[in-house]
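In terms of our numbering, the sequence shown opens at residue 21 and continues consecutively.
To keep things clear, I will list the structure first and then write my remarks on it.
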Amino acid sequence: MNTSTMTKVLLCAALAMGAGAQAKNNNGKGNSGNTAQQNSGPSIGAASADDVTLENADAGMIAFSTVNPMQYGGNTAGFSSEFGKADTSAWGVLGTVEKSGTLADASTLFDFSFDKTSATSGTWTITNTSSTLNATLDLTVAIHAANASTAFLFDNQDVAAGQTLSGTWSIEWLNNGGQVPGFSNLVFFGRDISTSTPTLLPVPEPHALPMTLAGFAVLGAVAWRRRGKRA
Numbered sequence: 021m022n023t024s025t026m027t028k029v030l031l032c033a034a035l036a037m038g039a040g041a042q043a044k045n046n047n048g049k050g051n052s053g054n055t056a057q058q059n060s061g062p063s064i065g066a067a068s069a070d071d072v073t074l075e076n077a078d079a080g081m082i083a084f085s086t087v088n089p090m091q092y093g094g095n096t097a098g099f100s101s102e103f104g105k106a107d108t109s110a111w112g113v114l115g116t117v118e119k120s121g122t123l124a125d126a127s128t129l130f131d132f133s134f135d136k137t138s139a140t141s142g143t144w145t146i147t148n149t150s151s152t153l154n155a156t157l158d159l160t161v162a163i164h165a166a167n168a169s170t171a172f173l174f175d176n177q178d179v180a181a182g183q184t185l186s187g188t189w190s191i192e193w194l195n196n197g198g199q200v201p202g203f204s205n206l207v208f209f210g211r212d213i214s215t216s217t218p219t220l221l222p223v224p225e226p227h228a229l230p231m232t233l234a235g236f237a238v239l240g241a242v243a244w245r246r247r248g249k250r251a
């Protein structure tokens with residue numbers, strides 16, 4: 021092997037070793053710049069159904085996407101197929117929360133509240149504003165952060181007349197850099213909303229009240245006599 025050929029072989033070997041070292045860095049053992057290049061898109065990370073709760077119950081389903089639910093006045097493309105089912109009505113916007121935390125209710129039947137205790141967690145509520153009608157709905161809480169969103173479904177959720185239900189929310193998915201992003205916005209969506217009149221206990225008729233009281237009096241007298249005999 022002549023000197024020229026030997027030089028070419030050594031040069032190829034050096035280039036191969038360099039390529040191997042770069043691949044090792046991109047596997048997470050290099051600097052932060054190489055790690056960022058590896059994470060070319062957002063990922064679901066540790067996000068799960070318990071990231072959003074209502075009355076201490078976890079969401080029934082979640083859907084992760086890169087769709088911003090605030091787009092076009094309410095974009096359901098990030099979860100509609102995952103949460104879809106036959107014979108249902110279309111999703112409608114019930115309320116929105118801007119990045120600043122400003123909340124706007126879009127429903128006459130429900131009021132919402134929203135609070136950030138940190139950039140990635142907080143609390144929320146839903147209130148049935150009717151004092152005479154119970155409500156049932158499919159409720160989706162769609163949270164957007166950085167360049168991704170996760171939607172959380174509460175299927176067939178009951179909210180009694182005048183009732184307020186309390187919940188929590190948190191962000192655990194990852195952005196392009198592999199970090200948990202801070203809150204961007206939120207949309208409350210509703211579907212299959214129905215109302216019903218609360219079932220009331222029957223009120224005794226006026227003429228039946230004296231008979232009821234007399235019955236209680238007889239029972240009391242019998243109990244008193246039995247107690248006296250035992251003594």
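Just so it is clear, CB atoms sit at the ideal spot from N, CA and C, and this is done for glycine as well.
Could you check what DSSP says for residue i in three-state terms: helix, strand or coil?
| i | result |
| --- | --- |
| Gln91 | helix |
| Asp178 | strand |
| Ala155 | strand |
| Ala69 | helix |
| Gly210 | strand |
| Gly50 | Residue placement at Gly50 is poorly supported in this model, since its pLDDT is 35, which falls under 50; the coordinates still yield a value, given next. Gly50: coil per DSSP, three-state reduction. |
| Gly187 | strand |
| Asn167 | coil |
| Ser63 | strand |
| Thr298 | Since the displayed the chain opens at 21 and closes at 251, residue 298 lies outside it and no answer follows. |
Opposite residue i in the DSSP bridges: which residues?
| i | result |
| --- | --- |
| Val200 | The partner list for Val200 (beta bridge, DSSP) is empty, contrary to what the question assumes. |
| Ile82 | Phe172 |
| Asn195 | Paired residue(s): none; Asn195 is not in a bridge. |
| Asn205 | His164 |
With a threshold of 7 angstroms on Cβ separation, who are the neighbours of residue i within its own chain once the five nearest residues in sequence on each side are excluded?
| i | result |
| --- | --- |
| Ala139 | Gly202, Phe203 |
| Gly121 | Phe134, Lys136 |
Can you name, in chain order, every residue of its own chain whose Cβ lies under 6 angstroms from the Cβ of residue i, other than the five neighbours on each side?
| i | result |
| --- | --- |
| Ser216 | Asn154 |
| Thr73 | Gly187, Thr188 |
| Thr184 | Thr145, Thr147 |
| Glu75 | Leu185 |
| Ser141 | Ser190 |
| Asp131 | Asp125, Thr147, Thr149 |
| Ser127 | Leu114 |
| Ser63 | Leu194 |
Skipping 5 residues on each side, what residues in its chain have a beta carbon closer than 8 angstroms to that of residue i?
| i | result |
| --- | --- |
| Leu31 | Unreliable placement is indicated for Leu31, whose pLDDT of 34 sits below 50; no coordinate value is reported for it. |
Would you mind listing the beta strand (DSSP E) stretches within the region 85-149 that are 3+ residues and don't spill past its ends, in chain order? Correct list: 112-117, 123-125, 130-138, 141-148.
Can you find at least 3 beta carbon pairs, one from the region 159-176 and one from the region 82-90, that sit closer than 8 angstroms? Counting Cβ pairs under 8 angstroms, three or more are found: they touch.
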